[in-house]
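Let me begin by presenting the structure, written as structure tokens, before commenting on it.
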Amino acid sequence: MKKIPLVLILSLLCSNVVKAGTLPTYTSIELIEQAKSLNQTEVIYQGEVIGDILIRGEHAWLSVSDGVNAIAVYIPIQLLPQDLAVGRYLYKGDTISVKGILHRACQNHGGDLDLHVSYLERTSLGYPQEREFPEYIWIIGGVFSGIALIGANYLKKRHEVSE
């Protein structure tokens, strides 16, 4: 009976030690606003892969968006999944979690903020998205079309009267 509470206490202590040793996941706002203090440190960032994948020699550039901003990610090609889906209109891209060194003003890449990645994990797959055309757009379009027809008819009659 005494072993169960002891095992429970030890497991809780060990789990806190493991959690304390992991890196926190930063948002794009935190990376941008704290870029000076986080410069040259290892960080974790998570978001959707958007835009194009730009292959440059043995590395690739990705844009990873957390829904607020996108961060430029520089990654070795061997870490890049072959079937990585990028987000576009009507398609949600893969969500990834990356770990790497944040560069506030990377001297190798034009002085911009970027993240040089050493680890990538795909956390969810991309998927097609359906966009419904809002009903109010049809109503607004109909109203403006009606106004345009009335205006055109008025101008036509006014032109006929003046001749």
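Residue numbers (my numbering): 170 to 332.
All residues carry an ideal CB built from backbone N, CA and C; glycine is no exception.
Asked: Helix, strand or coil for E211, going by three-state DSSP, please let me know.; Found: strand
Asked: Quick test of your reading: P245 and R291, contact by CB under 8 angstroms. State the CB separation rounded to the nearest angstrom.; Found: That pair is no contact at about 16 angstroms.
Asked: Can you say whether E217 is buried or exposed, counting buried as having 16 or more other CB atoms within 10 angstroms of its CB?; Found: buried
Asked: Beta-carbon within less than 6 angstroms of T196's beta-carbon, same chain only, minus the 5 sequence neighbours each way: which residues are those?; Found: D235
Asked: How is the alpha helix (DSSP H) around R327 delimited, first residue to last?; Found: 304 to 331
Asked: Report yes or no: do the stretch 219 to 233 and the stretch 293 to 302 share at least 3 C-beta pairs separated by less than 8 angstroms?; Found: no
Asked: Could you tell me the distance, in whole angstroms, from the CA atom of K326 to the CA atom of I319?; Found: 11 angstroms
Asked: Which parts of the stretch 217 to 304 are runs of the beta strand (DSSP E), unbroken and 3 residues or longer, counting only runs that do not cross its ends?; Found: 228 to 234, 239 to 245, 264 to 272, 283 to 293
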